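J.:
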Amino acid sequence: MQHRKWIVLGAFMGVAAVSQMLWLNFAPVQTLIMERYGVSEFMAGFLTFCFPLLYVFFSMPAGAMTDRRGYRFTIGWSSVLMAVGAVIRIYEASFYALLIGQLAIAVAQPYVMNGITKLAADWFPEDEQAAATGLGTAGMFIGMAAGMATSAPLTEAYGLGGAMLIFAVISIVAAAFFLLFAKENGQEMTQEQRAKTSRIAGMTAMEEFQHLIKDRSLTLIFILSFLALGFFNGLATWLEGILGENGVEPTDAGLVGGAMIIGGIVGSIIIPAISDKIQRRKPFLIFCGLAGAALAYPLCTSSNLTLLYSLGALLGVLFLPGYALLLAMSEEMAGKERAGGAAGLLMLAGNGGGVVVSLLMEALHNDSWSTPILLLMAVMALIVVLAFFAPESAAAHRSELRP
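Heads up: the sequence shown at position 150 corresponds to 150 in full-length UniProt numbering, and the numbers run straight through without jumps.
1) Tell me whether His3 sits in a helix, a strand or coil according to DSSP, three-state version.
2) Just reading off the alpha helix (DSSP H) that Gly350 is part of, what are its end residues?
3) DSSP on Trp238, reduced to helix/strand/coil?
4) Given a cut-off of 7 angstroms on the beta-carbon distance, is the pair Leu311 and Pro298 in contact?
5) By Cβ distance below 6 angstroms, which residues in the same chain neighbour residue 428 in space, the five residues on each side in sequence not counted?
6) Just to confirm, are Ala174 and Gly14 a CB contact at a threshold of 7 angstroms?
7) Tell me where the alpha helix (DSSP H) around Phe49 begins and ends.
8) Which two residues bound the contiguous alpha helix (DSSP H) that contains Gly258?
9) Look up Leu24 in the DSSP assignment and say whether it is helix, strand or coil.
10) Grouping DSSP H, G and I as helix and E and B as strand, with all else coil, what is Asn233?
11) Taking the C-alpha atoms as reference points, what is the distance between Leu154 and Ala394?
12) Buried or exposed: which applies to Phe319, given that a residue is buried once 16 or more other Cβ atoms fall within 10 Å of its Cβ?
13) Tell whether a beta-carbon distance below 7 angstroms holds between residue 415 and Gly322.
14) Which residue marks the beginning of the alpha helix (DSSP H) containing Ser151, and which one marks its end?
15) So Ala64 packs on Pro110, CB below 8 angstroms; how close in whole Å?
16) What's the gap between the Cα of Gly353 and the Cα of Gly230?
17) What are the start and end residues of the alpha helix (DSSP H) that includes Leu122?
18) Using 8 angstroms as the cut-off, can you tell me whether the region 231–247 makes contact with the region 300–307, which would need three or more C-beta pairs spanning the two stretches below that distance?
19) Within the same chain, show all residues whose beta-carbon is closer than 6 angstroms to that of Ile221, passing over the 5 residues directly before and after it, in chain order.
20) Kindly indicate which three-state DSSP category residue 404 falls into: helix, strand or coil?
21) Compute the Euclidean distance between the alpha carbons of Met347 and Ile90, then round it to the nearest angstrom.
22) Count the other C-beta atoms from every protein chain shown that fall within 10 angstroms of the C-beta of Pro125, then say buried if there are 16 or more, exposed otherwise.
23) For Ala381, which three-state DSSP category applies?
24) Whose C-beta lies closer than 8 angstroms to the C-beta of Val29 among residues of the same chain, with five residues either side of it excluded?
25) Using beta-carbon positions only, say whether Ala324 and Ser370 come within less than 7 angstroms of one another.
26) Should the region 49–56 be called in touch with the region 89–107, which here means at least 3 C-beta pairs below 8 angstroms?
27) I'd like the list of long-range same chain contacts for Leu98, defined as Cβ closer than 7 angstroms, with 5 residues on each side in sequence excluded.
28) Does the distance from the CB of Ala27 to the CB of Ser171 come in under 7 angstroms?
29) Applying the criterion that 16 or more other CB atoms from any shown protein chain within 10 Å of the CB defines a buried residue, is Ser40 buried or exposed?
30) If contacts are defined as beta-carbon pairs under 8 angstroms, then Leu212 and Ala294 qualify, I think. What distance do you get, rounded to the angstrom?
31) Enumerate in chain order the residues of its own chain whose CB-to-CB distance from Met21 is below 6 angstroms, with the five nearest sequence positions on each side excluded.
32) Going straight from the alpha carbon of Gly38 to that of Glu92, what length do you get?
33) Based on Cα-Cα distance, which residue from Ser79, Asp67, Ala273, Thr31 lies nearest to Glu337?
34) Please report the straight-line C-alpha distance between Ala16 and Leu308, rounded to a whole angstrom.
35) Could you have a look at Trp77 and say whether DSSP puts it in helix, strand or coil?
Okay, here's the thing in structure tokens:
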């Protein structure tokens with residue numbers, strides 16, 4: 001049983017990484033897509049932008065299905081849909097084949113992602129659950145890095161169709177591995193847990209949403225997710241433009257973004273594990289917010305490449321693990337029975353924040369990025385303030401939770 005939990009977690013990390021990789025496949029080759037298919041910049045960008053957009057619509061149904069049918073069923077069928085979407089993209093003769101494939105993968109993504117807290121609570125003891133969630137989050141960052149780093153070289157080496165074939169094979173392997181090796185723990189539930197599970201099973205997705213949002217502690221966590229992912233997505237989306245204003249070349253700006261994601265992988269493994277060790281979440285959440293606030297402005301205003309790489313990596317290591325902590329806290333506050341719905345609502349809020357902040361930054365940008373940068377700093381300041389009001393959700397301190 002001890003080794004089984006790591007196999008199950010590894011299977012999840014695989015499909016999560018592939019989902020993120022497929023999401024970002026077309027971001028580095030957007031110009032090629034525009035030239036090859038004669039589509040607008042908006043349509044080429046929509047191959048990537050459709051993911052956060054559809055996440056907003058499917059996140060709560062995905063969370064509700066996870067709570068009712070279990071994470072293995074939900075992640076299993078969605079990983080198959082993801083692989084089907086990847087196969088459709090092999091047909092490179094039509095832009096709309098790429099779009100249909102991306103839409104299928106985008107629908108599958110929330111059903112894959114929202115299961116991490118349920119899986120962690122099912123297989124790992126309470127003093128390891130944040131670390132398990134952190135590893136799942138690290139899998140997401142690994143996929144993002146792979147998508148950004150490999151798409152252009154593979155397309156150049158094998159053509160667009162060849163690259164899509166390689167990504168499809170990887171998707172099929174990840175889905176097959178999950179279906180073969182991921183199992184639910186099957187632990188005997190207490191009478192109270194059975195009663196809660198039965199009650200939740202009778203709820204619609206909207207009823208579960210209303211039930212979760214009434215919990216003030218959870219609502220604060222959802223707001224923090226909205227702001228934190230809003231900050232990260234806004235920064236990542238417009239980083240090239242922000243740094244370009246400082247004289248940084250697009251290639252170098254991309255490397256700074258890559259350093260940030262790699263830092264996120266490292267931090268998501270280390271910081272949640274330390275949080276588990278001392279059974280505290282809130283101090284680390286505050287620390288992540290303070291680190292982000294301290295690093296964001298110099299990152300956006302510097303032109304020194306060595307400093308930018310260092311700041312990007314540090315921001316990834318110290319700020320991005322806060323997302324894994326928020327996921328762990330949502331499960332601890334909602335309980336194992338409602339973990340899928342809570343994760344769904346948290347990711348819904350996060351993706352909504354990513355869309356809103358990115359669009360606000362574009363609207364505020366005129367001849368300079370100074371106003372959008374101030375918006376990012378205001379978001380970070382609000383994150384820090386709200387983090388101080390977050391309750392401690394770790395098992396040893398749950399008496400601090402507010403109803």
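The beta-carbon is built from N, C-alpha and C at its ideal position, and this holds for glycine as well. Just so you know, these numbers come straight off a predicted model, no measurement behind them.
T.: According to the structure shown:
1) Within the sequence shown, numbered from 1, the residue matching residue 3 stands at position 3. DSSP places His3 in helix when its eight states are reduced to three.
2) As a working note, residue 350 is residue 350 in the sequence shown. Element bounds for Gly350: 339–364.
3) The residue you call residue 238 lines up with position 238 of the sequence shown. It is helical.
4) Translated into positions along the sequence shown, residue 311 becomes position 311. Translated into positions along the sequence shown, residue 298 becomes position 298. The answer is yes: Cβ separation under 7 angstroms.
5) Examination of residue 428 is not possible in this model, given that the chain is present from 1 through 403 alone.
6) Your numbering for residue 174 matches position 174 in the sequence shown. Your numbering for residue 14 matches position 14 in the sequence shown. For Ala174 and Gly14, yes; Cβs fall inside 7 angstroms.
7) Taking the first residue of the sequence shown as position 1, residue 49 is located at position 49. Unbroken alpha helix (DSSP H) run through Phe49: 41–69.
8) The residue given as residue 258 occupies position 258 in the sequence shown. Note, Gly258: alpha helix (DSSP H), 250–278.
9) Locating residue 24 in the sequence shown gives position 24, counting from the first residue. Note: Leu24 maps to coil in three-state DSSP.
10) Here residue 233 corresponds to residue number 233 of the sequence shown, with the count starting at 1. Here Asn233 sits in helix by DSSP.
11) The sequence position of residue 154 within the sequence shown is 154, counting from 1. The sequence position of residue 394 within the sequence shown is 394, counting from 1. Approximately 44 angstroms, taken between the alpha carbons.
12) Start at 1 with the first residue of the sequence shown, and residue 319 comes out as number 319. Phe319 should be labelled buried.
13) In this structure the chain extends from 1 to 403, so residue 415 is not present and cannot be described.
14) What you label residue 151 is simply residue 151 of the sequence shown in a count that begins at 1. Ser151 -> alpha helix (DSSP H) spans 129–181.
15) Walking along the sequence shown from the start, residue 64 turns up at place 64. Walking along the sequence shown from the start, residue 110 turns up at place 110. With a Cβ gap of about 11 angstroms, Ala64 and Pro110 do not count as contacting.
16) For the purposes of this step, residue 353 is taken as the residue at position 353 of the sequence shown. For the purposes of this step, residue 230 is taken as the residue at position 230 of the sequence shown. For Gly353 and Gly230, the distance between alpha carbons rounds to 4 angstroms.
17) Here residue 122 refers to the residue found at position 122 when the sequence shown is read from its first residue. Inspection of the sequence shows that residue 122 is occupied by Asp rather than by Leu. Start and end: 116–123.
18) yes
19) The count along the sequence shown starts at 1 and reaches residue 221 at position 221. Same-chain partners within the cutoff: Leu326, Met329, Ser330.
20) Here the chain has residues from 1 to 403 only, and residue 404 is not among them.
21) In the sequence shown, the residue the question calls residue 347 occupies position 347. In the sequence shown, the residue the question calls residue 90 occupies position 90. Going by the C-alpha atoms only, they are around 29 angstroms apart.
22) Counted from its first residue, the sequence shown places residue 125 at position 125. With fewer than 16 other Cβ atoms within 10 Å, it is exposed.
23) By 1-based counting over the sequence shown, the position of residue 381 is 381. It is helical.
24) Here residue 29 refers to the residue found at position 29 of the sequence shown. Cβ within range, chain order: Ser151, Ala152, Thr155, Leu160.
25) Within the sequence shown, residue 324 is the residue found at index 324, counting from 1. Within the sequence shown, residue 370 is the residue found at index 370, counting from 1. In this structure, Ser370 does not lie closer than 7 angstroms to Ala324 by Cβ.
26) yes
27) As a working mapping, residue 98 is identified with position 98 in the sequence shown. Leu47, Arg89, listed in sequence order.
28) Along the sequence shown, read from residue 1 onward, the residue named residue 27 stands at position 27. Along the sequence shown, read from residue 1 onward, the residue named residue 171 stands at position 171. For Ala27 and Ser171, no; Cβs fall outside 7 angstroms.
29) Counting from 1 along the sequence shown, the entry for residue 40 is found at position 40. Exposed is the call here.
30) By 1-based counting over the sequence shown, the position of residue 212 is 212. By 1-based counting over the sequence shown, the position of residue 294 is 294. Between Ala294 and Leu212 the Cβ distance is about 32 angstroms, and since that is not below 8 angstroms, they are no contact.
31) To locate residue 21, count along the sequence shown from 1; it is residue 21. Excluding positions up to five away in sequence, the list reads Gly143, Ala146, Gly147.
32) By one-based count along the sequence shown, residue 38 stands at place 38. By one-based count along the sequence shown, residue 92 stands at place 92. Spanning the two alpha carbons is a distance of roughly 14 angstroms.
33) By one-based count along the sequence shown, residue 337 stands at place 337. Nearest option by C-alpha distance: Asp67.
34) By one-based count along the sequence shown, residue 16 stands at place 16. By one-based count along the sequence shown, residue 308 stands at place 308. Roughly 28 angstroms separates the two Cα atoms.
35) Position 77 of the sequence shown, counting from 1, holds the residue named residue 77. Residue state, collapsed to three classes: helix.
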